[in-house]
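For reference, the structure is listed below as structure tokens.
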Amino acid sequence: MAKIILVTGGAGHVGSHIIEQLILKNPTDKIISLDNYFNGNKKNHIAGAEYREGNTKDIEKIIPETPDIVFHLGEYARISPSFDEPEKVYEMNILGTFAVVEFCRKRKVKKLVYAASSTKFAANGEERNANPYSFTKATNVDLINNYGKWYNLPYAICYFYNAFGPRENGEGKYATLIAKYEKIYLENGSFPVNKPVTQKRNFTYVVDLAKGMILVAEKGNGDGYALNNQKAYSVEEIAKAFGGPIEYKDDYSGRQDSGEIPNSKAREELGWKTTLDVMDYINNFVNKNSKK
Numbered sequence: 001m002a003k004i005i006l007v008t009g010g011a012g013h014v015g016s017h018i019i020e021q022l023i024l025k026n027p028t029d030k031i032i033s034l035d036n037y038f039n040g041n042k043k044n045h046i047a048g049a050e051y052r053e054g055n056t057k058d059i060e061k062i063i064p065e066t067p068d069i070v071f072h073l074g075e076y077a078r079i080s081p082s083f084d085e086p087e088k089v090y091e092m093n094i095l096g097t098f099a100v101v102e103f104c105r106k107r108k109v110k111k112l113v114y115a116a117s118s119t120k121f122a123a124n125g126e127e128r129n130a131n132p133y134s135f136t137k138a139t140n141v142d143l144i145n146n147y148g149k150w151y152n153l154p155y156a157i158c159y160f161y162n163a164f165g166p167r168e169n170g171e172g173k174y175a176t177l178i179a180k181y182e183k184i185y186l187e188n189g190s191f192p193v194n195k196p197v198t199q200k201r202n203f204t205y206v207v208d209l210a211k212g213m214i215l216v217a218e219k220g221n222g223d224g225y226a227l228n229n230q231k232a233y234s235v236e237e238i239a240k241a242f243g244g245p246i247e248y249k250d251d252y253s254g255r256q257d258s259g260e261i262p263n264s265k266a267r268e269e270l271g272w273k274t275t276l277d278v279m280d281y282i283n284n285f286v287n288k289n290s291k292k
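Note that UniProt numbering gives residue 13 to position 13 of the sequence shown, counting from 1, and the numbers run on in steps of one.
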């Protein structure tokens, strides 16, 4: 029987890949995206999905259907800009996510799959309150875990680690690193690296993330599904891989490294694995766009 699946943030980087993989897996399922296009882009639309524009806090009005599964990615998702936009962070991440969780409870959705942030675990969990973004993401993990206890809400929580790959945003203050560096490479610019240069990140291929979330939706239950490449790289190493000049800058407010949690739950229990390392991805990009 065909399912109804809702993806909040379905026009975003990871959300669009989840939709694409869902359609490839089961073309007869009804896939609905709810996105306010704050960071999503209509260029990321996937043929075969239905797109509805609006805010997650209004989910009850926008989604009359009762989905079988809800993938919740539609939140504010940047660290440094969150200091300047606390109202947006609160609206999207607190009001919006509460509405989504209540929607799932009232509609008796079979599974809520939440995209949490690994920043919750930075510095052994001591930096979960380091910035508005990390605070709200960690708070939402607590909310969903408690709804599981209070109301027997079926849920699973995944933790993302620096997604890279097609449809990544390389423009403006919400740009993410690999796409930003690709743009700099093509424009023959300098690659900014913030001090200290020792911080490392587990860059993870977006298609692997999408497949991981779908696998968790199918077989996972509860908290703790880390979806990350096991090898971490410093931003300096990433900049050097692109081969251009590096411009070292002072540290910025609220910077956090990826927090490390055991990922055996996704790998050992579900058989999830990564297929592409970020260095191979960069090498492919540089070879394709080499300056002769």
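Glycine is no exception: its CB is placed at the ideal position from the N, C-alpha and C atoms.
Pair every Cβ in the stretch 209 to 218 with every Cβ in the stretch 14 to 21, then say whether three or more of these pairs are closer than 8 Å. Judged by Cβ distances under 8 Å, the stretch 209 to 218 makes contact with the stretch 14 to 21, as three or more pairs qualify.
Starting from the C-beta of Lys-200, find all residues in its chain whose C-beta is less than 7 Å away, skip the five residues before and the five after it, and write them out in chain order. Ala-232, Tyr-233, Ser-234, Asp-257
Please classify Trp-150 as buried or exposed, where buried requires at least 16 other C-beta atoms within 10 Å of its C-beta. exposed
Leaving aside the five residues before and after Leu-22 along the sequence, list all residues of the same chain whose C-beta is less than 7 Å from its C-beta, in chain order. Ile-5, Asp-29, Ile-31, Ile-214
Using only alpha-carbon positions, find the residue among Gly-165, Thr-8, Ala-226 that is nearest to Asn-55. Thr-8
Measuring alpha carbon to alpha carbon, tell me which of Gly-74, Glu-50, Asn-44 ends up nearest Asp-58. Closest in C-alpha terms to Asp-58, from the list Gly-74, Glu-50, Asn-44, comes Gly-74.
Grab the span of the beta strand (DSSP E) containing Asn-194 for me, first residue to last. 191 to 194
Just checking my contact of Tyr-161 with Leu-227 at CB under 8 Å: how many whole Å lie between their CB atoms? 7 Å
Which ranges does the beta strand (DSSP E) cover as unbroken runs of at least 3 residues, wholly within the stretch 19 to 84, from first to last along the chain? The stretch 19 to 84 contains these whole beta strand (DSSP E) runs: 30 to 35, 50 to 53, 69 to 72.
Alpha helix (DSSP H) runs wholly inside the stretch 88 to 155, at least 4 long, in chain order: 96 to 107, 132 to 151
Quick check: what's the CA-CA separation for Arg-105 versus Thr-66? 11 Å
With DSSP collapsed to three states, give me the class of Glu-236. helix
Following the continuous alpha helix (DSSP H) through Asp-280, name the residue where it begins and the one where it ends. 278 to 288
Look at Ile-79 and Asn-131 and say whether their C-beta atoms are less than 7 Å apart. yes
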